[in-house]
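Quick notes on the structure that follows.
Chains as they are written, first to last, in our numbering: chain R, 1 to 308; chain D, 1 to 181.
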């Protein structure tokens, strides 16, 4: 009962996949609108739809009443309602936008409509990568989440993982132009991702240090858990070294290591970040609450069930 | 206007857990769900001057409940009389309200999949009775009533005793008031 994680791995997995899918949509639509290279990243839009779909599936799986999931599409002003609409729309519009790049379809040369849809998807993607952080950051009951820096961290990580995934998918079907060398494009993507990783590293460091310094005893205990305690290996090994420092070094070295290996490290780092944040959820305990919950029976599930 | 509130007088609470049992009986709760635990605070101080107090808990029925504003389906409802409750037909069990509540007043039921909580025994209030935990408390440590009624005991206590609320810094404006000793 103490510090029970009511939101577990499905939510952490969703936060990663949602950020990844949203980031991919942002990258490919921005490349179409501002770089003129939307064709190279076309496939990423469809993959983004699939990824967000899987993530949303995890969310539904996590519900206590999965078959009532449609009720989130309500007129409430809750962050989760807004998020559900953003996810549902982006799954559809991202696939529709992808279809504009299929040359055998009659609407593949409707450039203006494609670009309008790109702008719409860009906004939706920004919404998706932002709202997950807002959802957790607005929980005042959870000291380690309750911070305006959390949406920034999630947004930067979403963009970074989206960029990494897009650099793996760049130039795949349905891209058909004659360009054979992607060196220049990879170079630009890697520079962009390097900047995002440095920024993310800064945010993580500042986030943990500020939580340690000012956010109260519970947040301080969680930072101790992250820095030197039970979560130290996933934090230092998974997030900082594997997820941020190694891709930085690979991008610095360049070559095929940067092209093939670094994006995977960035993606794994994104998974670690979401799990570490979701599992850093303890509430501030009320006077005497810890002792009370320690005294409740544990491991009596069979006993509890036998009363029925 | 009616604004239900509860006063929890820790000077009177002897830590007998009768309210927990009463709640379980009236709401027919399974063994692993508790709406109103009684926490033991202490012993504090240095022997022989040690002291133990009891913190009877309940949903704070906040005026500004974070569990209502985060509900994506409108299942988490705050009535005009202040009662915060869950519409079991609308709840999808997303647990956003469980994460949002700073007081641990909400439990996702592993038996039904929806989130359950104290509703000040709204069924008993409709019959003109007090919540069952209030009626059961033989030390009168739980005092329930209409805060807006100047003649009610809660109104008098809240306005004359040095009452506190829990975690007021979070801005939830709890309507469970504690008298500490």
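Note that CB positions come from ideal geometry on N, CA and C, so glycine has one too.
- Considered as a whole, the stretch 6–64 of chain D harbours 38–46 and 49–56 as its complete beta strand (DSSP E) runs of no fewer than 3 residues, in chain order.
- The Cβ atoms of residue 35 (chain D) and residue 120 (chain D) do not sit closer than 7 Å to each other.
- If you draw a straight line from the Cα of residue 257 (chain R) to the Cα of residue 55 (chain D), it comes to about 60 Å.
- Judged by their CB atoms, residue 285 (chain R) and residue 166 (chain R) are not nearer to each other than the 7 Å cut-off.
- For residue 109 (chain R), the closest C-alpha among the options R:214, R:100 and R:116 is that of R:100.
- In this structure, DSSP gives residue 140 (chain R) a state outside helix and strand, which the three-state scheme calls coil.
- For residue 97 (chain D), the closest of D:77, D:83 and D:111 by C-alpha to C-alpha distance is D:77.
- Neighbours of residue 114 (chain D) in chain R, taken as residues whose beta carbon is under 7 Å from its own, are 64 and 65 in chain order.
- Taking all protein chains shown into account, residue 131 (chain R) has 16 or more neighbouring C-beta atoms within 10 Å of its C-beta and is therefore buried.
- Relative to residue 206 (chain R), the option among R:150, R:242 and R:232 whose CA is nearest is R:150.
- Bounds of the alpha helix (DSSP H) holding residue 94 (chain R) are 79–99.
- About 24 Å separates the beta carbon of residue 132 (chain D) from that of residue 63 (chain D), a gap too long to meet the 8 Å contact definition.
- When C-beta distances to chain R are compared with 7 Å, the residues of the stretch 62–87 of chain D below that value are 66, 69, 70, 71, 72, 73 and 74, in chain order.
- The contact set of residue 176 (chain D) on chain R, defined by CB atoms closer than 7 Å, is empty, because the minimum CB distance reaches about 12 Å.
- The DSSP-derived three-state label of residue 107 (chain D) is strand.
- Take residue 20 (chain D), set aside five residues on each side of it, and the residues of its chain with a beta-carbon closer than 7 Å to its own are 34, 36, 37 and 38, in chain order.
- Scanning the stretch 173–210 of chain R for uninterrupted beta strand (DSSP E) segments of 3 residues or longer gives nothing; none is fully contained.
- Against residue 69 (chain R), the close residues of chain D are 92, in the order they occur along the chain (beta-carbon pairs closer than 7 Å).
- The stretch 39–59 of chain D and the stretch 52–60 of chain R do not touch, with fewer than three beta-carbon pairs separated by less than 8 Å.
- D:99 is the residue among D:8, D:99, D:57 and D:171 whose C-alpha sits nearest the C-alpha of residue 11 (chain R).
- Cβ neighbours of residue 133 (chain R) within its own chain (closer than 8 Å, five residues either side excluded): 150, 151, 152, 153, 154 and 155.
- Separation of residue 40 (chain D) and residue 166 (chain D) (C-alpha to C-alpha, rounded to the nearest whole angstrom) is 15 Å.
- Between residue 75 (chain D) and residue 91 (chain D) a beta carbon distance of about 4 Å is seen, short of the 8 Å cut, so the two are scored as contacting.
- Contact with chain D is found for residue 288 (chain R), since one of that chain's Cβ atoms lies less than 7 Å from the residue's Cβ.
- Within the same chain, and ignoring the five residues on either side of residue 175 (chain R) in sequence, the residues whose Cβ sits closer than 7 Å to its Cβ are 39, 40 and 42.
- Annotation: the continuous alpha helix (DSSP H) that includes residue 217 (chain R) extends over 217–227.
- The beta carbon of residue 238 (chain R) lies closer than 6 Å to those of 272 in the same chain, with the five residues before and after it left out.
- The beta carbon of residue 72 (chain R) falls within 7 Å of a beta carbon belonging to chain D, placing the residue at that interface.
- Shortest Cα-Cα distance from residue 241 (chain R) to any of R:223, R:226 and R:265 involves R:265.
- CA-CA distance, residue 142 (chain R) to residue 276 (chain R), rounds to 14 Å.
- Distance from the CA atom of residue 7 (chain R) to the CA atom of residue 108 (chain D), rounded to whole angstroms, is 11 Å.
- Between the stretch 110–117 of chain D and the stretch 80–95 of chain D, the count of C-beta pairs closer than 8 Å reaches three or more; the two stretches touch.
- The stretch 242–257 of chain R makes no contact with the stretch 105–119 of chain R: fewer than 3 CB pairs, one atom from each, lie closer than 8 Å.
- Short of 6 Å from the beta carbon of residue 201 (chain R), and not among the five residues preceding or following it, lie these beta carbons of its own chain, in chain order: 244.
- Chain D has no Cβ within less than 7 Å of the Cβ of residue 130 (chain R).
- Look at residue 129 (chain D): its C-beta is not under 7 Å from any C-beta on chain R.
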